[in-house]
Amino acid sequence: MSAGSGGPEQEVARQEAVQGATPGGTAEPGPPGSGAGGDAAPEPVFRSDVVVELVRASASDADVLFAARVSTKGEASRDDVGADLTADGDAQRRSAGLVNYLMRDRHGSPFEHTSMTFYVQAPIFVFREFMRHRIASYNEESGRYRELRPVFYVPGRDRRLVQEGKPGAYRFTAGTPDQHALVESEVRAASTRAYEAYRAMLDAGVAREVARVVLPVTTYSSMYVTMNARALMNFLSLRTQREGSTFPSFPQREIEMCAEVMEEVWRGLMPVTYAAFERNGRVAP
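Right, here's the structure in full:
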């Protein structure tokens, strides 16, 4: 999923062009209403998407093989480095069978010898859910060291609004046109007012780390997240809703949007491992 207006680099560049704050967490006072440093305040932007991009990866099905086979083959396991599990033949079928065995019997450590780094741009409330997964590494942009951009999430018309059911087993149904209109108007009004308060404090010389307290969790942020395949499978098992899962999950839609993109990227990198994950009920080993 993309940012919709030139991608994250262009969006960051556009917003950095309006940064008028000095280093150290404070802003240069400017004329009232002009924004920090006298620059004109950017207009709020409202979006209903997320951005997920693979930055780098060291992740293949062969990584699982050599890590698993060192227990029985020792130094001979190095022959499995770079093996092709997608080709036809008995050796490839045995290798795929080993991956499936590891997944089925939950021998998870061989899946940890991989690494994927994603760039994610999403509203702050999504990141708070992300960071409950402590089996990943995170670096997020800081509201102490840069002026936060007036980019806010508003649920799209396809976002189901009405929650039914008991905690842990929610079912969501589509809202009425009036409910969608109410959500959009209130999010826009609250976010705009909060950003005006934020800029007013910056204009008065208040430190960024203090001024940011008025901004809502619908504000977009950006981060890098790095995880191995085992950690990603744990994340996907909890943050996607899929038929046939051994343990059904009921994630918030916005983090599921991120998870769906990450899953498709990983599926391309490790197709044999992905197939075993699906075959065994989407349970992280």
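Take 1 as the starting number for the sequence shown in the UniProt record's numbering and just add one per residue. Glycine is no exception: its CB is placed at the ideal position from the N, C-alpha and C atoms. All figures in this text were calculated on a predicted structure; none of them were measured in a lab.
Residue i and residue j closer than 8 Å at C-beta
i, j, result
"residue 64", "residue 99", "yes"
"residue 125", "residue 217", "yes"
"residue 148", "residue 238", "no"
"residue 229", "residue 266", "yes"
"residue 152", "residue 95", "no"
"residue 224", "residue 119", "yes"
"residue 41", "residue 270", "no"
"residue 173", "residue 186", "no"
Residue i versus residue j - alpha carbon distance
i, j, result
"residue 210", "residue 198", "9 Å"
"residue 90", "residue 158", "47 Å"
"residue 166", "residue 44", "36 Å"
"residue 14", "residue 175", "In this prediction, residue 14 has a pLDDT of 45, which is less than 50 and means its spatial position is unreliable; what the coordinates show is noted afterwards. So the two alpha carbons sit approximately 35 Å from each other."
"residue 121", "residue 51", "5 Å"
"residue 4", "residue 162", "For residue 4, the pLDDT reaches just 39, beneath the cut-off of 50, and the residue's location in the model is therefore unreliable, leaving the point undetermined."
"residue 219", "residue 180", "19 Å"
"residue 213", "residue 144", "11 Å"
"residue 73", "residue 54", "33 Å"
"residue 281", "residue 171", "21 Å"
"residue 272", "residue 128", "31 Å"
Of the listed residues the options, nearest to residue i (C-alpha basis)
i, options, result
"residue 56", "230, 257, 116, 135", "116"
"residue 123", "47, 204, 181", "47"
"residue 262", "251, 156, 272, 240", "240"
"residue 276", "93, 78, 252, 160", "93"
Same chain, Cβ closer than 6 Å to residue i, five either side skipped, listed in chain order
i, result
"residue 195", "44, 150"
"residue 222", "121, 141"
"residue 254", "126"
"residue 252", "none"
Contact belief for residue i with residue j at Cβ below 8 Å, rounded distance in angstroms
i, j, result
"residue 85", "residue 61", "4 Å"
"residue 226", "residue 142", "Not really, about 18 Å apart at Cβ, beyond 8 Å."
"residue 189", "residue 250", "Actually they are not in contact, since the Cβ atoms of residue 189 and residue 250 sit about 30 Å apart, beyond 8 Å."
"residue 236", "residue 259", "6 Å"
Beta-carbon contacts of residue i that lie in its chain and below 7 Å, excluding the five residues immediately before and after
i, result
"residue 110", "64, 67, 68, 102"
"residue 156", "48"
Other residues of its chain near residue i: CB distance less than 8 Å, five sequence neighbours each side excluded
i, result
"residue 234", "133, 135, 284"
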